[in-house]
Each structure stands twice: as structure tokens, then as C-alpha cells.
């Protein structure tokens with residue numbers, strides 16, 4: 054039990070901040086681009102508690118971590134009235150990209166935090182280091198995963214805004230089915246394939262490589278001694 058609690062303690066804060074501040078960034082970006090819907094609902098805030106979804110932010114990630122499975126979770130989506138964004142297409146891109154962008158910033162701050170590890174009492178150095186390492190991983194994972202070009206993921210909305218209007222509209226129409234496609238393709242099908250002895254890992258192919266590359270770049274650039 055102590056090992057379980059210790060393991061959860063070094064993931065709780067990184068997961069909470071990564072997921073909730075991702076959503077908060079969408080709200081700040083939407084307000085900057087002309088839509089105050091999130092502001093009126095109290096969602097333009099850096100207070101993580103404003104964005105917590107009890108199941109998606111706390112219960113599900115905790116269960117997955119305890120089971121040693123794939124880390125997955127979500128916060129309460131920030132409401133955005135895209136029709137109020139000005140200019141519309143650029144506003145859509147800015148709002149969608151804001152979530153992954155804040156995760157990249159948090160990942161960079163986590164690496165900079167490694168400079169502080171030797172400055173804390175020795176008893177807390179390992180705990181702080183593990184928190185920072187996990188913050189680096191989860192923020193890069195969220196940034197890369199959410200930038201996959203599949204609506205309703207952020208990358209799908211960015212692509213919708215970049216495409217010519219006719220193609221963007223067709224892509225946007227996939228949004229109602231997009232999350233189901235993501236869950237089936239990245240999680241369900243790999244599990245089914247494993248049951249019959251096959252290896253099918255699109256999540257690893259699409260996400261793991263970019264995450265590893267970004268992590269190495271940040272560590273080499275910002276960490277003490279570049280390592």
C-alpha cells in the first residue's frame with residue numbers, strides 16, 4: 054500500500070496540472086480571440102479545480118496508474134462559441150493550438166525545475182525529481198496526442214482551420230465520430246490484436262517517437278549539464 058501511495062503521489066500533481074491547464078489555455082485563447090463564453094462561466098482561470106472532471110481527471114487516471122496501464126484522462130471541456138471568434142478560421146487555430154502549447158511550456162518548465170533538485174533537502178530530492186520527470190512525460194504525451202489531426206482532437210481542429218473551407222468543412226463533419234475512432238484505433242484494436250498474438254500499436258507509432266524526440270531536445274537544451 055505504501056508503494057502504491059508513493060507511486061500515486063509523484064503522478065497526482067503532474068497529471069492534475071497538465072490536464073486542467075490544457076483546458077484553461079483554450080479558455081484564455083478563446084477570450085483573446087473574441088469569445089467570452091468561458092469567462093462568463095468562470096472557466097478562464099488558472100485554478101485547476103475549476104477544470105477538474107472527477108472521473109476523467111482523478112478517478113480514471115488513478116485507476117490506470119494503479120493498474121500499470123496506459124495513462125489517459127480529461128478535464129471538463131472549456132465551452133467555446135466558435136462563431137464568435139474573430140477572425141473565425143485563425144481564431145479556431147489559435148484556440149485549438151493553445152492546449153498543446155501550454156503542455157509544451159509546462160514540459161519545458163519541468164526540465165528547468167531539475168536545476169532546483171539539489172537545492173531542496175536530500176529527503177525530498179527523489180520525490181521532486183520524480184514529479185518533474187513525470188510532468189515532462191505527461192505534458193509531452195498530451196501535447197503530441199492532442200495534435201493528432203483527427204477531430205475533435207486539437208490537431209484536427211487546427212487542420213480544419215488550415216484547409217480550404219470545403220475540405221475543412223468535410224473534416225469537421227467527422228468530429229461527431231472522431232473520439233470513437235481514436236478510442237477504437239488507438240486503444241481497443243491494439244488490445245484485440247494482442248489477444249490473437251498480433252502487434253498493432255498505432256499509439257506507439259504516432260506518439261512515442263515524437264515524445265521521445267521532444268524530451269531529448271528539452272533535456273539537452275535546458276537541463277543541468279544537458280542530461
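Numbering (the numbering used here), first residue to last: 54 to 280. Note that beta-carbon positions come from the ideal geometry of N, C-alpha and C, so glycine has one too.
Between residue 142 and residue 87, the C-beta gap is not smaller than 8 Å, which leaves the two residues out of contact. Annotated three-state conformation of residue 139 is coil, per DSSP. Between residue 185 and residue 166, the C-beta spacing is below 8 Å. For residue 127, the three-state secondary structure derived from DSSP is coil. Here the alpha carbon of residue 63 sits roughly 15 Å from the alpha carbon of residue 116. The C-beta separation of residue 188 from residue 71 comes to about 7 Å, placing the pair in contact by the 8 Å criterion.
In this structure, residue 159 sits away from residue 264, with a CB-CB distance that is not shorter than 8 Å.
With 16 or more other Cβ atoms from the protein chains shown falling within 10 Å of its own Cβ, residue 199 counts as buried.
A straight line joining the alpha-carbon of residue 240 with that of residue 203 spans about 15 Å. Sequence-distant partners of residue 80 (beyond 5 residues in either direction) whose C-beta falls short of 6 Å from its own C-beta, in its chain, are 91, 96, 97, 131.
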